[in-house]
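In this note's numbering, the protein residues as written are 470 to 816. No residue lacks a Cβ here, since even glycine has one placed at the ideal position from N, Cα and C. Every value quoted in this text rests on a predicted model; they were computed, and no experiment measured them.
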Ligand code: F0G
């Protein structure tokens, strides 16, 4: 039986005899062939559907490792800043480990599903008037003086856990893809994947992909080469103006001969609707940034015809019901009886 990442990839992770075996059967997510989009784009496209992790995002991979190490080091509480998904994962794994989670979120800018999760898992929720970057600065300061372990991706154990997604892709494809497309917010995940691909290649000779990362245009600090003081995007998950893993992400881009580019909210929403309507895969807006980027790179030639591309769908569409409803033309046919329904179906 599959139990989770700490067991599955024990020899690739910083696990000792004293590391508690925390698990929610995270990881082992499907690599879904996107047949209609492949045909349309003239490439072989797969979606790594991280929205099927236990709390609905890739954050579970890093959080299981970070919480296990925090508990091993004697922590009784963890803290993180979050645009929503990290807080959901932190809350769930803290509960699992029997410790407390403090989550610090930007006021009014987190998707409802994510907030609902933090509440349900029993986190102590703190909201601040600033954005994610300010929340991250606050928790970094707090963790210096208070007895809480910081579990944002500046904690290296987070990237260790998250690198396992690259292992899975290489196992599922039986090689590395030509291109790995991924949304970039705080830039931890692109860095983790690159680490994972390099380690797997060293052990198994699976080759290396080009890393293509995508920021939202209104939060494209790495693309523009400057901190964005007031980042804005419909993709609240990646509404980040000063990515903590900026340097690591640039290294992943340069070492892999890849790119970090930006996508507009319009491109994000187009990709968001398209993958649900054409492939039956519902992802959150932040996750659709990677598909928006693939479409852009097929058009401008950065992805070539026939290449094998994996696009990472970092979070589940159910996380953000407001965007689903507000950004789509909705037709709900109200009917009061069976005759009405019959007529409707026959039309
Ligand atoms: N996709 C989703 C759904 C996310 O929640 C995040 C980050 C990213 C992509 C970007 O990953 O930060 O490693 O570059 N969410 C963080 C959070 C910031 O607080 O949940 P990254």
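Exercise for the section: Give a yes or no on whether 8 Å exceeds the smallest Cβ distance from residue 538 to chain B. Expected result: This model lacks chain B altogether, as it is built from one protein chain only.
Handout entry: Cβ-heavy atom distance, residue 666 to ligand 1, below 7 Å
Key = no
Exercise for the section: Say yes only if the C-beta of residue 753 is nearer than 7 Å to one or more non-hydrogen atoms of ligand 1, and no if none qualify. Expected result: yes
Handout entry: residue 567 versus residue 561 - alpha carbon distance
Key = 10 Å
Exercise for the section: Could you tell me the boundaries of the beta strand (DSSP E) in which residue 679 lies? Expected result: 679-685
Problem - Close Cβ partners of residue 538 (< 6 Å) along its chain, the five nearest in sequence each way excluded - result: 626
Problem - Rounded C-alpha distance that separates residue 815 from residue 809 - result: 10 Å
Exercise for the section: Mind reading off the beta-carbon distance from residue 731 to residue 660? Whole number of angstroms is fine, and I expect it under 8 Å. Expected result: Between residue 660 and residue 731 the Cβ distance is about 18 Å, and since that is not below 8 Å, they are no contact.
Handout entry: residue 737 vs residue 706 beta-carbon contact at 8 Å
Key = no
Practice task
Going by DSSP, name the residue or residues bridged to residue 782.
Solution key: 518
Practice task
Note the first and the last residue of the continuous beta strand (DSSP E) segment covering residue 503.
Solution key: Careful: residue 503 lies outside any beta strand (DSSP E) and carries neither H nor E.
Handout entry: C-alpha distance - residue 542 paired with residue 590, whole-angstrom precision
Key = 23 Å
Exercise for the section: Could you tell me whether the Cβ atoms of residue 678 and residue 653 are closer together than 8 Å? Expected result: no
Practice task
Just the C-alpha distance for residue 636 and residue 540, rounded to the nearest angstrom, thanks.
Solution key: 25 Å
Problem - Counted within 10 angstroms of its Cβ, other Cβ atoms place residue 526 as buried (16 or more) or exposed - result: buried
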